[in-house]
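Novice: So in the UniProt record's numbering, the last spot in the sequence shown is 199, and the numbers never skip.
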Amino acid sequence: MAERDDTDNETEIGEAPRLDPETAARRHAALAYVRQFGDPVLKSKAMPVTQFDDELRAQIEGMGEIMEDSLGIGLAATQLGKLNRVLVYRVEQDSPVIALVNPELEWSGEELEAAEEGCLSLQGVLVEVERPVNVRVRALDDNGEPLTIEASGLEARVIQHEMDHLDGVLILDRTSRSERKQAMKILRERERERAGEPV
Numbered sequence: 001m002a003e004r005d006d007t008d009n010e011t012e013i014g015e016a017p018r019l020d021p022e023t024a025a026r027r028h029a030a031l032a033y034v035r036q037f038g039d040p041v042l043k044s045k046a047m048p049v050t051q052f053d054d055e056l057r058a059q060i061e062g063m064g065e066i067m068e069d070s071l072g073i074g075l076a077a078t079q080l081g082k083l084n085r086v087l088v089y090r091v092e093q094d095s096p097v098i099a100l101v102n103p104e105l106e107w108s109g110e111e112l113e114a115a116e117e118g119c120l121s122l123q124g125v126l127v128e129v130e131r132p133v134n135v136r137v138r139a140l141d142d143n144g145e146p147l148t149i150e151a152s153g154l155e156a157r158v159i160q161h162e163m164d165h166l167d168g169v170l171i172l173d174r175t176s177r178s179e180r181k182q183a184m185k186i187l188r189e190r191e192r193e194r195a196g197e198p199v
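1. ALA156 and LEU147 - do their beta-carbons sit closer together than 8 Å?
2. Can you name the start and end residues of the alpha helix (DSSP H) that THR148 belongs to?
3. Buried or exposed: where does MET1 fall if 16 or more other Cβ atoms within 10 Å of its Cβ makes it buried?
4. Please tell me whether ASP46 and LEU166 are closer than 8 Å, where the distance is taken between their beta carbons.
5. For GLU113 and VAL129, I'd like the C-alpha separation in whole angstroms.
6. Taking C-alpha atoms, which residue in PRO40, VAL49 and VAL135 lies nearest to ASP142?
7. Once you ignore the five residues that flank THR175 on each side, which residues in its own chain have a CB closer than 8 Å to its CB?
8. Could you give the residue range of the beta strand (DSSP E) that holds GLU111?
9. Hey, GLU117 and PRO132: beta-carbon distance below 8 Å or not?
10. Could I get the ranges of all uninterrupted beta strand (DSSP E) runs contained in the stretch 24-59, with 3 residues as the minimum, in chain order?
11. At a cut of 8 Å, does the stretch 29-45 reach the stretch 57-75 through at least three beta carbon pairs?
12. What is the C-beta distance between ILE159 and ALA99, in whole angstroms, given that I count them as a contact (C-beta under 8 Å)?
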């Protein structure tokens, strides 16, 4: 999901802060692993994890590192082209990375809140998404042990955003038609920039 602001600069959620050259280089390298809008894997539904082994734990560790280096606060396995139901997130910079395997939404509160969301797979795009403020999620940890997460506010939003990825749902699918239209314009301009065409 959206980037974290690690600097003293004012930034909106989803926009990269001004970075020192080393951090910028690490972020650029990490983002090279993240699938971008248009990649069919982002619209694919991930399969439940059935094996809890060193390979899964290595995947989770790698996801945490890519999320950190890309200045994200959440990352789903599908964003890296892996079709298994795994997500990682860390809302507070000093907190440990949390991994949820096979997460399921057990309950969501009636109170809804609209807020802007960005996504590592839709660089430069911010759209307003309405989501429940409070959720309870049942999942497994990297050893297959059951977990229950009760989350609110930003943590609840991040978990829901990443769970959407595991079902092939993007923030563009959850926003208004006008915001989606504006986001598509930004994505097309970025694509032309990457291709070296005039915008």
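Just so you know, even glycine gets a beta-carbon here, dropped at the ideal spot from N, CA and C.
Specialist: On the basis of the coordinates in this document:
1. Along the sequence shown, read from residue 1 onward, the residue named residue 147 stands at position 147. Along the sequence shown, read from residue 1 onward, the residue named residue 156 stands at position 156. Against a cut-off of 8 Å, the Cβ pair of ALA156 and LEU147 comes out as no contact.
2. Here residue 148 refers to the residue found at position 148 when the sequence shown is read from its first residue. Note, THR148: premise wrong, no alpha helix (DSSP H); beta strand (DSSP E) at 146-152.
3. As a working mapping, residue 1 is identified with position 1 in the sequence shown. It counts as buried.
4. Looking up residue 46 in the sequence shown gives position 46. Looking up residue 166 in the sequence shown gives position 166. It should be pointed out that residue 46 corresponds to Ala in this sequence rather than to Asp. Yes, these two residues count as a Cβ contact at 8 Å.
5. Here residue 113 corresponds to residue number 113 of the sequence shown, with the count starting at 1. Here residue 129 corresponds to residue number 129 of the sequence shown, with the count starting at 1. Roughly 8 Å between the two C-alpha positions.
6. Here residue 142 corresponds to residue number 142 of the sequence shown, with the count starting at 1. Of the candidates PRO40, VAL49 and VAL135, the residue whose Cα lies closest to the Cα of ASP142 is VAL49.
7. If you number the sequence shown from 1, residue 175 lands on position 175. Result list for THR175: VAL127, GLU128, VAL129 and ALA183, in chain order.
8. In the sequence shown, the residue the question calls residue 111 occupies position 111. Element bounds for GLU111: n/a, residue is neither H nor E.
9. Within the sequence shown, residue 117 is the residue found at index 117, counting from 1. Within the sequence shown, residue 132 is the residue found at index 132, counting from 1. No.
10. Counting whole runs of 3 or more residues, the stretch 24-59 contains no beta strand (DSSP E) stretch at all.
11. Flag = yes, the stretch 29-45 and the stretch 57-75 touch.
12. For this step, residue 159 is matched to residue 159 along the sequence shown. For this step, residue 99 is matched to residue 99 along the sequence shown. With a contact defined as Cβ atoms closer than 8 Å, ILE159 and ALA99 miss out at about 12 Å.
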